[in-house]
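S.K.:
Protein chains: 2
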Amino acid sequence: MKETLRNVFEKRSGEYTELYLTHISIDCVVLGFHEGLLKILVLKLKEGSKWSLPGGYVGKEEDIDDAAIRILRERTGADHIFLKQFRTFGKNHRNEDIFEENSGLWMAQRFLSVGYYALIDFHKVNLSLDLAEITVIAEWKDVKNLPEMMMDHREIIDQALIYMRRGLNYYPIGLNLLPERFTMPELQQLYESILNKKLNRGNFYRKMMRYDILTKLDECRKIGAHKSPHLYRFNIDNYQKAMEEGFKESW
Amino acid sequence: MKETLRNVFEKRSGEYTELYLTHISIDCVVLGFHEGLLKILVLKLKEGSKWSLPGGYVGKEEDIDDAAIRILRERTGADHIFLKQFRTFGKNHRNEDIFEENSGLWMAQRFLSVGYYALIDFHKVNLSLDLAEITVIAEWKDVKNLPEMMMDHREIIDQALIYMRRGLNYYPIGLNLLPERFTMPELQQLYESILNKKLNRGNFYRKMMRYDILTKLDECRKIGAHKSPHLYRFNIDNYQKAMEEGFKESW
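If you're matching them up, the sequences are chains C and A in order.
Counting in the numbering used here, the first sequence runs from -14 upward without gaps.
Counting in the numbering used here, the second sequence runs from -14 upward without gaps.
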């Protein structure tokens, strides 16, 4: 029989005290993209509870960005992905004792949570990894139709979407999300999914070309007698450079 | 005779353990603007040491944003100012024991520091406030010519400038920094100081007017026979609305 969540927490409380920094947690807003759909990975810690973001704690000697990468890998199997810190959530009483009583457990202390967002091809995620001990359900939910989230996790998601959309003005996106060769309409569809709005085709094309991260190939995709859009691939050097330095800013 | 920093830290160690959350600090990048100059407030904790950012800790029952406001007020006397969280710095070993030995003091533990930036009229800041106990010097330094900073404080400053410049694409700025009535060239000078570059006058004008936060007055400033630029003031309602909701985004 699967242990109850309370049993697991009680068993782990001493171990977590040894391993992790007090008062600091990490929450990951994992956005999955595949074939034009944008979804968020959410979990249930126990039957009947609200939904939660995947998260974890920071090792006593661990860099915070390394902790975020480890947590995401442990919980989804995903690696080498775009992961970006966006905000730290630190309201007093943001915690919610999921046992509806003051449990005194390590996990029930006050946490300031550092939010990270990730964007990955959701077919590369192994949802069963996280089910070993704590989580009972892991699911992809439509960004436009989210279930009731625990604590301030809905605010964390809303903020992640704001930061990620703004990030599109500064950083390239698409590597590891699109096939190696893709058409401009496919790239535009990725942006439209994230921004949740239609973009003008001509403006999108000009803007992307100005970023100088695409190489136009001498091939077209044959998708019909009158439609054969050009194929592109990312110029990896320029893409990486833009990831580090950012695009030229608006002002 | 002024107590040594070590004495102060030893005296406060027990009190801080009672008052504050462990492992979490706040660092403030306070940018001062006055008459076209942009400067950063930096401190020295003791003679001969590197420079430091003003910072502090989070009370056990205190919201993190409230802590940042309190810290800034305690250390500068400044209130009702634009203060924005931008990033949390959490590398292991980012701390530097200013006593060059493992002191075992509360202040020498590992801290993850939540960075906030503030932009204020630097004539409204009382630099003497912070000199009571810990700080020996508090000075405004030119952003373009910063002294050697302790720990990762230089990185925190550099990141604050990046985030603040980007913020200009989303949020209005200028209230409490400019006189109640100001000219378009004065507003442009504020933006140019922050961005550290010249802007095109016509583009600047059109962009600002599109934001719909300015009211053009029926008065001009008389500064010469042939120069009498129009005066503007902020439309406070629209300004506040833009502060909350942000300007329309680029994409």
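Idealized CB from N, CA, C, for every residue including glycine.
Taking Cβ-Cβ distances shorter than 7 angstroms, what residues in chain C pair up with A:Glu47?
M.R.: Here residue 47 of chain A is taken as the residue at index 62 of the second sequence, counted from 1. In chain order: Asn77.
S.K.: If you compare alpha carbons, which of A:Gly(-1), A:Gly100, A:Leu6, A:Gly89 is closest to A:Leu57?
M.R.: Counting from 1 along the second sequence, the entry for residue 57 of chain A is found at position 72. Of the listed residues, the one whose Cα sits closest to A:Leu57 is A:Gly100.
S.K.: Once DSSP output is grouped into helix, strand and coil, what is the label at A:Gly50?
M.R.: Locating residue 50 of chain A in the second sequence gives position 65, where the first residue counts as 1. According to the sequence provided, residue 50 of chain A is Asp. The question's Gly does not apply to it. It is helical.
S.K.: Pick out the complete beta strand (DSSP E) segments inside the region 2 to 74 of chain A, 3 residues or longer, and give them in chain order.
M.R.: Qualifying beta strand (DSSP E) stretches, in chain order: 5 to 19, 22 to 29, 40 to 44, 67 to 74.
S.K.: I want to know whether the region 131 to 142 of chain A touches the region 61 to 77 of chain A - three or more CB-CB distances under 8 angstroms.
M.R.: Contact between the region 131 to 142 of chain A and the region 61 to 77 of chain A is present, because at least three Cβ pairs lie under 8 angstroms.
S.K.: Which whole-angstrom value describes the C-beta separation of C:His19 and C:His108, a residue pair presumed to lie in contact below a C-beta threshold of 8 angstroms?
M.R.: As a position in the first sequence, residue 19 of chain C is number 34, starting the count at 1. As a position in the first sequence, residue 108 of chain C is number 123, starting the count at 1. Contact flag correct, Cβ pair sits at about 5 angstroms.
S.K.: Here's a check: name, in chain order, each residue in its chain whose Cβ is nearer than 7 angstroms to the Cβ of C:Glu204, leaving out the five neighbours to either side.
M.R.: On the first sequence, position 219 is the one that residue 204 of chain C refers to. So the qualifying residues of the chain are Leu216.
S.K.: Using C-beta distances below 7 angstroms, list every residue in its chain close to A:Ile122, excluding the 5 sequence neighbours before and after it, in chain order.
M.R.: Walking along the second sequence from the start, residue 122 of chain A turns up at place 137. Same-chain partners within the cutoff: Leu28, Lys29.
S.K.: Could you name the residues of the same chain whose beta carbon sits closer than 6 angstroms to that of C:Gly41, not counting the 5 residues immediately before and after it, in chain order?
M.R.: On the first sequence, position 56 is the one that residue 41 of chain C refers to. Taken in chain order, the residues that qualify are Ile11, Ile56.
S.K.: C:Thr73 CB to nearest chain A CB: under 7 angstroms?
M.R.: Residue numbering aside, residue 73 of chain C sits at position 88 when the first sequence is read from its first letter. It does: the Cβ of C:Thr73 has a partner Cβ on chain A nearer than 7 angstroms.
S.K.: Is A:Met(-14) close to chain C? Criterion is C-beta to C-beta, closer than 7 angstroms.
M.R.: The residue you call residue -14 of chain A lines up with position 1 of the second sequence. Reliability of the predicted coordinates at A:Met(-14) is poor, the pLDDT of 43 falling under 50, and the value obtained from them is presented with this limitation in mind. With 7 angstroms as the cut-off, A:Met(-14) does not count as an interface residue toward chain C.
S.K.: Answer yes or no: the CB of A:Tyr102 versus the heavy atoms of the ligand NAD, is any distance below 6 angstroms?
M.R.: Among the components modelled here there is no ligand, and therefore nothing to report on the ligand NAD.
S.K.: By the 9 angstroms beta-carbon criterion, what residues does the region 145 to 158 of chain C contribute toward chain A?
M.R.: Cβ contacts with chain A come from Ile147, Arg150, Arg151, Leu153, Asn154, Tyr155.
S.K.: Just verifying my parser: in three-state terms, what is the DSSP assignment at C:Val99?
M.R.: For the purposes of this step, residue 99 of chain C is identified with residue 114 of the first sequence, where counting begins at 1. It is a strand residue.
S.K.: Any C-beta of chain A sitting closer than 7 angstroms to the C-beta of C:His215?
M.R.: Start at 1 with the first residue of the first sequence, and residue 215 of chain C comes out as number 230. False, the Cβ-Cβ gap to chain A never drops below 7 angstroms.
S.K.: From C:Gln70 to C:Leu23, what distance separates their C-alpha atoms?
M.R.: On the first sequence, position 85 is the one that residue 70 of chain C refers to. On the first sequence, position 38 is the one that residue 23 of chain C refers to. When rounded, the distance between both Cα atoms is 20 angstroms.
S.K.: Would you mind telling me which residues of chain C sit closer than 8 angstroms to A:Leu97, beta carbon to beta carbon, in chain order?
M.R.: Along the second sequence, one-based indexing puts residue 97 of chain A at 112. In chain order: Leu6, Ile9, Val43, Ile49, Val99.
S.K.: Here's a check: name, in chain order, each residue in its chain whose Cβ is nearer than 8 angstroms to the Cβ of A:Gly152, leaving out the five neighbours to either side.
M.R.: Numbered from its first residue, the second sequence carries residue 152 of chain A at position 167. Answer for A:Gly152: Lys69, Ile158, listed in chain order.
S.K.: Using the Cα positions of A:Val241 and A:Trp36, report the straight-line distance between them to the nearest angstrom.
M.R.: The structure shown has nothing for residue 241 of chain A, since chain A only spans -14 to 236.
S.K.: Drop a sphere of 10 angstroms on the beta-carbon of A:Met(-14), count the other beta-carbons inside from all chains shown, and report buried for 16 or more, exposed for fewer.
M.R.: As a first step, residue -14 of chain A is located in the second sequence; it is residue number 1 there, counting from the start. Confidence at A:Met(-14) is low in this model, with a pLDDT of 43, below 50, so the placement of that residue should be treated as unreliable; the coordinate-derived value is given next. Classification for A:Met(-14): exposed.
S.K.: Distance, Cα to Cα, A:Pro132 vs A:Asp143?
M.R.: In the second sequence, counting from the first residue as 1, residue 132 of chain A sits at position 147. In the second sequence, counting from the first residue as 1, residue 143 of chain A sits at position 158. Cα to Cα, the separation comes out at about 13 angstroms.
S.K.: On the three-pair Cβ rule with 8 angstroms, is the region -1 to 8 of chain A touching the region 175 to 186 of chain C?
M.R.: These segments do not touch.
S.K.: Alpha carbon to alpha carbon, what distance is there between A:Met92 and A:Asp48?
M.R.: Counting from one through the second sequence, the residue named residue 48 of chain A turns up at place 63. Counting from one through the second sequence, the residue named residue 92 of chain A turns up at place 107. Each residue's Cα considered, the two are about 20 angstroms apart.
S.K.: Using only alpha-carbon positions, find the residue among C:Leu90, C:Leu180, C:Lys192, C:Thr168 that is nearest to C:Arg150.
M.R.: Here residue 150 of chain C is taken as the residue at index 165 of the first sequence, counted from 1. Nearest option by C-alpha distance: C:Leu180.
S.K.: Use the C-beta contact count for C:Ile221: other C-beta atoms within 10 angstroms, 16 or more gives buried, fewer gives exposed.
M.R.: Residue numbering aside, residue 221 of chain C sits at position 236 when the first sequence is read from its first letter. So C:Ile221 ends up on the exposed side.
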